[in-house]
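>
Numbering (the UniProt record's numbering), first residue to last: 1 to 586.
#1: Just list the residues that DSSP pairs residue 578 with in beta bridges.
#2: Please specify which runs of the alpha helix (DSSP H), each continuous and at least 4 residues long, are wholly inside the segment 411-485, giving them in chain order.
#3: Kindly indicate which residue of 373, 474, 254 has the alpha-carbon position closest to the one of residue 221.
#4: Over the uninterrupted alpha helix (DSSP H) stretch that includes residue 118, give me the two end residues.
#5: Here's a check: name, in chain order, each residue in its chain whose Cβ is nearer than 7 Å to the Cβ of residue 295, leaving out the five neighbours to either side.
#6: For residue 256 and residue 65, which I take to be in contact (beta-carbon distance under 8 Å), what is that distance rounded to the nearest angstrom?
#7: So, for residue 191: in the same chain, excluding its five sequence neighbours on each side, which residues have a beta-carbon less than 6 Å away from its beta-carbon?
#8: For residue 522 and residue 486, which I take to be in contact (beta-carbon distance under 8 Å), what is that distance rounded to the nearest angstrom?
#9: Could you check which residue in 383, 502, 539, 76 has the C-alpha nearest to that of residue 246?
#10: Can you round the beta-carbon distance between residue 473 and residue 391 to whole angstroms, since I take them to be within the 8 Å contact cut?
#11: Give me whichever residues DSSP pairs with residue 591 in a beta bridge.
#12: Exposed or buried, what is residue 45 when buried is set at 16 or more other beta-carbons lying within 10 Å of its beta-carbon?
#13: Contact between the segment 272-286 and the segment 423-437: three or more CB pairs below 8 Å?
#14: Would you mind stating whether residue 218 and residue 116 have Cβ atoms separated by less than 8 Å?
#15: Does residue 588 pass the burial test, meaning 16 or more other C-beta atoms within 10 Å, or should it be called exposed?
#16: Would you list the residues sitting across from residue 265 in a DSSP beta bridge?
#17: Spell out a yes or no on whether the segment 118-125 and the segment 90-104 are touching, meaning 3 or more CB-CB pairs, one atom from each, closer than 8 Å.
#18: Distance, Cα to Cα, residue 240 vs residue 540?
#19: Sorted by chain position, which residues of the same chain lie with C-beta nearer than 7 Å to residue 95's C-beta, five sequence neighbours on each side aside?
#20: Just the Cα atoms here: how many angstroms apart are residue 533 and residue 99?
#21: Can you confirm whether the segment 451-459 touches the segment 70-80 when touching is taken to mean that 3 or more C-beta pairs between the two stretches lie within less than 8 Å?
#22: Beta-carbon within less than 7 Å of residue 79's beta-carbon, same chain only, minus the 5 sequence neighbours each way: which residues are those?
#23: Could you spell out where the alpha helix (DSSP H) holding residue 95 opens and where it closes?
#24: On the criterion of 16 or more Cβ atoms from any shown chain inside 10 Å, does residue 520 qualify as buried, or is it exposed?
#25: Skipping 5 residues on each side, what residues in its chain have a beta carbon closer than 6 Å to that of residue 269?
#26: On the premise that residue 287 lies in contact with residue 308, defined as a C-beta separation below 8 Å, what is that separation, rounded to the nearest angstrom?
#27: Any idea what DSSP makes of residue 380, helix, strand or coil?
#28: If residue 551 and residue 489 are in contact, beta carbons under 8 Å, what's the gap, nearest whole angstrom?
#29: For a test of the three-state rule: what should DSSP assign to residue 507, helix, strand or coil?
#30: Suppose only complete runs of 4+ residues qualify. What are the alpha helix (DSSP H) ranges in the segment 24-71, listed by chain order?
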């Protein structure tokens, strides 16, 4: 510490000496430290191509097979049809709407078979795709539109009114392409017919593919802190993650043949990076994707009974449902080869409960770990490692070309020097995961400071607490970042706090996630009411419910307090609130 004082002087701010320590640490290369974990898999060559080029390089081999199908209507598209219709869309986007390289296009859609056509068409047109949660309110949609500034939006009937309200709030007029749910449905005034675009060839040369470092998609994530930010993922990031998943140690899908094709019910939301990447993986591997627009227990089980899937991709709440629901039958899993879980950790006993329900022990139970900022996967269960109680509940091992360190998380007392220069921790020692790899994001859109803060000397801070064992299996045990995970969805506390503090009867607020038996976590609010106002919990609940998606509602309750605990810098001590709640409810 004396070195810092000598260099900077006693009058310098904390942030100044923190930046000085960063500069000092840059000369200390720890990449070859024995506690830096590197993938056991051999490095792979990442092709210098765009995502559509990668997809099209494979699907020609199974062009007449069904690629995607609506579970609701039964409508199907073959791989060949997807390629043709995507190309038509790409040309219309450039010719009809005069869009240019890097312009942003937004999708506000549920899980539709047309989603992949939208994606490939937009990426072939060298645009950047941002996806919006179709359950968002107008307030939430308006914030993302304001930040991302899309030049055009693709949506469907139920979302159109909400979108128009959001655009009116912003006083913006953005061209809107409308995806009909039924053939006899009329096109709303002021919108463009999606099917006319994809079914109408246009006599212009095929577009040149985008460059590998062009930003392909921009999903929104809260990162380790704060409000949602546009995560810039370039074509190389996405191509890398697909190639990593299909490398020798991690290839879980069998290629299609004359008598076989993998089939998977797709209930993970396509606007989310997890569901999005599964779409790309399915296309690349020739998997038949059954798009489920909306989850209900009865409908999901009817899909299992109709299709008898070979692969299920899920978040833990779906696995819990399949393990516990009385209507789930063993026969639904007669063809199942693999259940892949992500978005949150799934314990070994949870895996065992599912296998018992399925009546089979030979189903591969695999897990992965990642975040939006890593496209999304960092680790996954390898194919050549037997699942045992010792490694059960693990999120797998590092994918090829990926490195990881476990470091001491930032000390709340401000011991930043120890944080930056501290030695990476060894096996079975808990700390924050920081990672490197070609799947790591380019940065946050128009947020240079947040981008800088997301990295430490080139290592991405995940905000997750975990550890690894001597065999390099990884476990996630907690979140340093304070995001609330409701049914696999991210709920940033800061977003709800900002909303709640705008209520006329609220002086201050804090939001935490509390455990929930079905949803994983749910938001709980702590409120300091204004002294001259009559505060009513029911009114606040209604106010929040009107402005946010259903999974962001204050299902964990509201508690009135005298003050919100904060540190000297004014940061809310959410951990203190959570510890107090858990102590009371132990």
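The beta carbon of each residue, even a glycine, is placed where N, CA and C say it ideally should be.
In short, the structure shows the following:
#1: Looking at the DSSP assignment, residue 578 forms no beta bridge with any residue, so it has no partner.
#2: 416-421, 448-453
#3: 373
#4: 115-124
#5: 267
#6: 6 Å
#7: 176, 178
#8: 6 Å
#9: 383
#10: 5 Å
#11: The chain is shown only over 1 to 586; residue 591 falls outside these bounds and no answer can be derived.
#12: exposed
#13: no
#14: no
#15: Missing from the structure shown is residue 588; the chain here goes from 1 to 586 and no further.
#16: 290
#17: yes
#18: 45 Å
#19: 202, 204
#20: 51 Å
#21: no
#22: 59, 62, 63, 65, 67
#23: 79-95
#24: buried
#25: 275
#26: Contact doesn't hold; Cβ gap of about 14 Å is too wide.
#27: strand
#28: 5 Å
#29: strand
#30: 51-59
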